[in-house]
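Scroll down for the structure; my scribbles are underneath it.
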Amino acid sequence: MKPSFQQLVASFAFFIAPALVAQTEIPDWCRSLPRAEYKTLQRVPISDAWFEVYKVAPAVFAIYEPHQSEETIGYLIVGQQRALLFDTGMGISDVKSVTAQLTQLPVVVLNSHTHDDHVGGNWQFDTVYGMDTDFTRKSAQGSRAAAQEEIGSGQICGTLPKGFDPAAYATRPWKITKFMHDGDRIDLGGRSLTIIATPGHTPDAISLFDAANGLLFTGDTYYPGTIWIYAPETNLAAYDASIRRLAALAPQVRMVLGAHNIPVASPSVLPQLVTAFEAARDHKVPATPAGTGKVTYKVDNFSFLMRDPK
């Protein structure tokens, strides 16, 4: 028997305000939530039911969007003088309000890359750093088509926020206040973050390294789940070089924090990722069709969605 909407809400323990917009069909990916790994993390209460927030390290908060199929995760990294928000998510609800509940310090935004599901809240912030690439500049102009795909059939789990207008949904343009480059450091006061250019998934993809605390934020270069490396802007040779660069850092890393699904992984995944990608790239494992022009390669605990080589 198909569960009722009320049963679904109860099973996920989501707060539902009156007049929220409900999706009647329950996507398959939604049925597997909540992910078991979140039970081991410290949840931080906030007032916005679209998000879930978890404290994953001292003064580091994972801002998770479980109601949309991307299951995007941004990170608020708090120093003594200011905080950095590494990705602003879908832009479906008010991420700035969430950060205000977590810190009173000024917040700087930096994106792991500028696909629409990572930059949706950029427009809300006065200070947004961006990589010095043409891809970043183009992304900053915003996009309606990409955003609309994110709320299409099967993309929403449960409800959309009160007041959200699906017909008007778009990734709003934002202003880049400072261009950044590989190796640049961002001082938050008592906490320094280093930008590591990791192109491949996109030309402007980066990772962020908090060396003093052994925290490596990998964006979409690595996350626990099927890694998407099939888009026109994806460069597999660059991706290979980038993951090798991250694997070399593994001895210095205590925790890997990706941008989708689950926020915490062991540094052992970094060298394993290199080996798994080699097997996929060289077609040493079978390819499974995954839609027009795409295939999935599964290698041990890794999965890659790539262009069909045929």
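Residue numbers for the sequence shown follow this note's numbering, beginning at 1 and rising by one. Positions of the beta carbon are idealized from the N, C-alpha and C atoms, including for glycine. Quick caveat: nothing in here was measured; it's all calculated off a predicted structure.
Where does the unbroken beta strand (DSSP E) through residue i begin, and where does it stop?
i	result
D134	No beta strand (DSSP E) holds D134; the alpha helix (DSSP H) holding it covers 134–139.
I63	60–64
A197	192–197
A49	Element bounds for A49: n/a, residue is neither H nor E.
Q148	From DSSP, Q148 is part of no beta strand (DSSP E) but of the alpha helix (DSSP H) over 145–149.
R43	42–44
D210	206–210
P289	287–289
F302	302–307
I77	73–78
T296	294–299
Y129	128–131
How big is the Cα-Cα spacing for residue i and residue j?
i	j	result
F86	Y54	15 Å
A147	S93	13 Å
G154	V299	27 Å
I227	D48	28 Å
P34	P286	30 Å
R185	T194	4 Å
N235	I229	8 Å
V60	E70	21 Å
F209	G91	25 Å
G142	D204	16 Å
K175	D240	31 Å
D134	Y75	25 Å
T127	S139	16 Å
I63	P224	16 Å
V95	H118	11 Å
L41	I262	10 Å
W29	H67	10 Å
K294	A145	20 Å
A279	D165	44 Å
L105	P58	16 Å
A248	Q80	30 Å
R137	D182	17 Å
V256	L246	10 Å
Residue i: which of the options sits nearest, CA to CA?
i	options	result
T218	I229, T198, E233	T198
Y169	V285, D116, P58	D116
F277	T221, V98, P232	T221
I196	S242, V285, C157	S242
E25	T234, A259, C157	C157
T65	D132, G121, T40	Looking at the sequence shown, residue 65 is not Thr but Glu. Selected option, being the one with the closest Cα: G121.
R172	T114, Y38, T296, I262	T114
V274	T177, V44, A250, P263	A250
R82	R244, G190, L305, N213	G190
V269	A290, F302, E52	F302
R281	L215, N111, A237	A237
E52	L216, V98, R244	V98
S192	A212, H181, D182	A212
E149	R137, A167, K162	A167
K233	W50, A100, M306	Here residue 233 is Glu; the residue named in the question, Lys, does not match the sequence. Comparing Cα-Cα distances from E233 to each of W50, A100, M306, the minimum goes to M306.
Given that a residue counts as buried once 16 or more other Cβ atoms are within 10 Å of its Cβ, and exposed if not, what is residue i?
i	result
D308	exposed
Q124	buried
G89	buried
H201	buried
F179	exposed
H283	exposed
A22	Because the pLDDT at A22 is just 48, under 50, the model does not fix this residue reliably, and the point stays unresolved.
S207	buried
E37	exposed
T72	buried
R254	exposed
H260	buried
P289	exposed
P267	buried
A265	buried
S32	exposed
T177	exposed
G130	buried
When you measure from the CB of residue i to every non-hydrogen atom of the ligand MG, does any distance come out below 7 Å?
i	result
A83	Ligands are entirely absent from the displayed structure, and the ligand MG is therefore not among its contents.
Starting from residue i, trace the alpha helix (DSSP H) in both directions and tell me its first and last residue.
i	result
T218	Looking at the DSSP string, T218 is not in any alpha helix (DSSP H); the run it does join, the beta strand (DSSP E), is 215–219.
R31	28–31
Unbroken stretches of the beta strand (DSSP E), 3 residues or longer, contained in the segment 163–188 | The qualifying runs are 178–180, 185–187.
- Query: Which full runs of the beta strand (DSSP E) of 3+ residues lie inside the segment 86–122, going along the chain?
  - Reply: Whole beta strand (DSSP E) segments, 3+ residues: 107–110.
Report task. Could you pull out every unbroken beta strand (DSSP E) segment of at least 3 residues lying fully inside the segment 224–285, listed in chain order? Result -> Runs found: 226–229, 255–258.
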